[in-house]
DNA sequence: TTATATAAAAATCTCGAGATTAATTATTGA
DNA sequence: TCAATAATTAATCTCGAGATTTTTATATAA
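Residue numbers (the numbering used here), protein chains in the order written: chain A, 1092 to 1331; chain B, 1092 to 1331.
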C-alpha cells in the first residue's frame, strides 16, 4: 500500500526526480509558498517569477495551475494569480474537516490494516521519534526533517484506509495546515509535549482501539488550532 | 450565502460568461467528459483537441490542467493526459465519502441556517420538482435541466454549512458521481421514486430534524450506488 | 516464431513574441 | 481640492514553432 503514487490525480511522485520542468517549478514553488517566502494574498506575477525559477512564461503558468489544485494558489481570469489567503476562520475550517476525514480514515485503517500496514506505521513512528529527539536544537534542517516525518506518520496512520478520496483530501488539508503550523511554531515556543501525543496515538492504533485512537487524533489536530488562535490578530493581515 | 463564487479555489463563476479562452475550453471539455463523449481512460491528445476546441496548444494544455483540479483528467509527466478512469470501487468510494461529507454539512446547515437559507432551499426544491415533473418524456434537454436542478438542490441543502472546505470537496465528488449517474440512467430505467426521496429530504430539513434528514440523504446517495452496481461488469472496461 | 535492436513517426514539453486586458499615472474640468 | 476622464504603463493571455521524449513500426538475429 506504499508503492502507489502520492495522489490519484496529479501522479507527481515526490520521492523521485521530477520528469518535467513544470513539475520541478511546481515543487519548488509549493515549498516556497508553504514556507511563507511568498506571503498569503501576495500577487504572483508570471513575468517576475519566470526569471526567479528560470523557466518560460507558459511553463510557469502551468506550474501555477498545478498549485491551484492544491488550493495554495488562487487564479482569477484576466487578473492573474495570488497566494491563497489565510485566516483564523480558514484554519478552524481546515482543522475540523481534518478531524472529520482523518478520524474516519483511521477507523478504516484500524479495521482493515494488515501486517504490512503495521510494519510501515512502526517504521514511520520510529523515524518520527528520532526526528523529535533531534528537534531540541533549533535548527532549520531538523525542523524540516521533523515536518517530513510528521507528515509521513500521519499518512501511515491512514494508509490502510479503503478510501482513496479521503486520503486525497487529507493530503490537501494537511498541506494547508502546514502553512499555519509554520507560522505558529516560528512565533511561539512549543509548550505541549507533541511526542507524548504521538506516542499515545501510536499505541492506541496498534492496540486497534479505534475509539481511543480517533479521540487522541482529534485532540491532537485541534491543539494545533489552539496555537494558531493564540497568535496576534494582525498576523493575518493579507499582503496586497 | 448564494452570491459567493462557486469555489474558493478556481473562482470560475459558471453563471456568467467565461472571461478567458482557457476557461471556455475548460467548461466545454468538462461537460464533454461528464457526458461521456470522451470515454474513461481515453487518451486526450493536445494536438487533436486544440483543433476540436479551436484554441492553441498551450491554451488547451492549461484547460486540461484545470480539469486535473476536478480529478476528471489525470496528468502524467512526459506522457500526456487521460480521462480519469471509472470503476465500481471508485463509485463506492465516492458515494461513501459523499455520505460522510454531505451529512455533516447538512447537520451544520440545519443547525445554523437562517431565513435566507430556507428561502433558497424552498426555491431550489420548487425548481427541482418542476424539472422532475417534466422528466417523464425522455428528452435529453429535460434530463440536462433536471441534472442542473438536482445539483442546485443538493448544494442548497448544505449552503449554510460553516465549512467552505467540505462544500469544496462536495462539489468535486458530486461532479464525479454525475459521471456514474449518467451511465446508470442511460442503461436502465429508473425504478425508484426519486422525487419522493427528495420530498422526504426536503421536509426533514425544513423541520430541522438533523438525524432524520441525514439518514434520508445517506440512503439517497447509496441508492444511486446500488444502481451502478447493477450495471454489467464489462461496462467499466477502460479505453486505451 | 520470438526477442532484441534500430529507425521512423507522433506526441509532449518548452519557449519567446504578439495581442488583449487590467492597472497606473497624468490631465482636464468643476 | 477633488472627481472623472484620457493616456500610459504593465501584466496577462494566446499562439505557433522548435526541442525532447515517447511510442510505433521495421528490420535483424537467435
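Where is the CB? At the ideal position from N, CA and C, for every residue including glycine.
Please read all numbers here as calculations on a predicted model, not as lab measurements.
- Neighbours of residue 1255 of chain A across chain B, judged by C-beta separation under 7 Å: 1184.
- According to the DSSP assignment, residue 1260 of chain B belongs to the alpha helix (DSSP H) that extends over 1255-1278.
- Short of 7 Å from the beta carbon of residue 1299 of chain B, and not among the five residues preceding or following it, lie these beta carbons of its own chain, in chain order: 1201.
- By the neighbour-count criterion, in which 16 or more other beta carbons inside 10 Å mark a residue as buried, residue 1217 of chain B falls on the exposed side.
- In this structure, A:1173 is the residue among A:1314, A:1297, A:1173 with its C-alpha nearest to the C-alpha of residue 1130 of chain A.
- Where residue 1172 of chain A is concerned, there is no enclosing alpha helix (DSSP H), although the beta strand (DSSP E) around it starts and stops at 1172-1174.
- In chain B, no part has a C-beta under 8 Å from the C-beta of residue 1203 of chain A; the shortest such distance is about 13 Å.
- The C-beta of residue 1192 of chain A comes closer than 9 Å to at least one C-beta of chain B.
- At least 9 Å separates the beta-carbon of residue 1255 of chain A from that of residue 1161 of chain B.
- Beta-bridge partners assigned by DSSP to residue 1134 of chain B: B:1173.
- Secondary structure within the stretch 1149-1209 of chain B: the beta strand (DSSP E) runs of 3 or more consecutive residues, fully enclosed, are 1164-1166, 1172-1174 (chain order).
- Rounded to whole angstroms, the gap between the alpha carbons of residue 1132 of chain B and residue 1316 of chain B is 21 Å.
- Shown in chain order are the members of the stretch 1123-1154 of chain A whose Cβ falls below 9 Å from a Cβ of chain B: 1149, 1152, 1153.
- Using a CB distance below 9 Å, the part of the stretch 1262-1285 of chain A facing chain B consists of 1263, 1264, 1267, ordered along the chain.
- Taking 8 Å as the upper bound for CB-CB distance, residue 1191 of chain B and residue 1248 of chain B are not in contact here, some 15 Å apart.
- Non-local beta-carbon contacts of residue 1137 of chain A in its own chain, meaning distances under 8 Å to residues more than five positions away in sequence, involve 1148, 1151, 1152, 1155, 1171, 1172 in chain order.
- In the structure shown, the three-state DSSP call for residue 1117 of chain B is helix.
- Between residue 1169 of chain A and chain B, the shortest Cβ-Cβ separation is below 9 Å.
- Against chain A, a Cβ distance below 8 Å from residue 1110 of chain B picks out 1168, 1169.
- Of all C-beta pairs linking the stretch 1227-1244 of chain B to the stretch 1297-1313 of chain B, fewer than three are shorter than 8 Å, placing the two stretches out of contact.
- Taking the beta carbon of residue 1188 of chain A as reference, the chain B residues within 7 Å of it are 1254, 1256, 1257, listed in sequence order.
- Residue 1177 of chain B sits away from residue 1265 of chain B, with the two beta carbons spaced by 9 Å or more.
- Interface flag for residue 1230 of chain A against chain B is unset, since no Cβ pair is found closer than 9 Å.
- Using a Cβ distance threshold of 9 Å, residue 1235 of chain B and residue 1215 of chain B do not count as a contacting pair.
- Here residue 1326 of chain A has 1274, 1278 as same chain residues with Cβ atoms under 8 Å from its own Cβ, once five neighbours each way along the sequence are excluded.
- Between residue 1220 of chain A and chain B, the shortest Cβ-Cβ separation is not below 9 Å.
- Using beta-carbon distances, residue 1327 of chain A does not count as an interface residue toward chain B, since no partner is under 9 Å.
- For residue 1199 of chain B, same chain residues with a beta-carbon under 6 Å away, outside a window of 5 residues either side, are 1252, 1253 in chain order.
- By the 16-neighbour rule on beta-carbons within 10 angstroms, residue 1263 of chain B is buried.
- Annotation: residue 1145 of chain A is outside any alpha helix (DSSP H) and is labelled neither H nor E by DSSP.
- If you draw a 10 Å sphere on the C-beta of residue 1169 of chain A, you find fewer than 16 other C-beta atoms in it, and that means exposed.
- In this structure, the straight-line span from the alpha carbon of residue 1196 of chain A to that of residue 1194 of chain B is close to 17 Å.
- Residue 1236 of chain A is outside the set of residues whose beta carbon lies under 9 Å from a beta carbon in chain B.
- For the C-beta of residue 1315 of chain A, not a single chain B residue is nearer than 7 Å; the gap to the nearest is close to 16 Å.
- Residue 1319 of chain B does not reach chain A, its nearest Cβ partner there being about 16 Å away, counting only Cβ pairs nearer than 9 Å.
- Under the 9 Å criterion on CB atoms, residue 1113 of chain B is classed as interfacial with respect to chain A.
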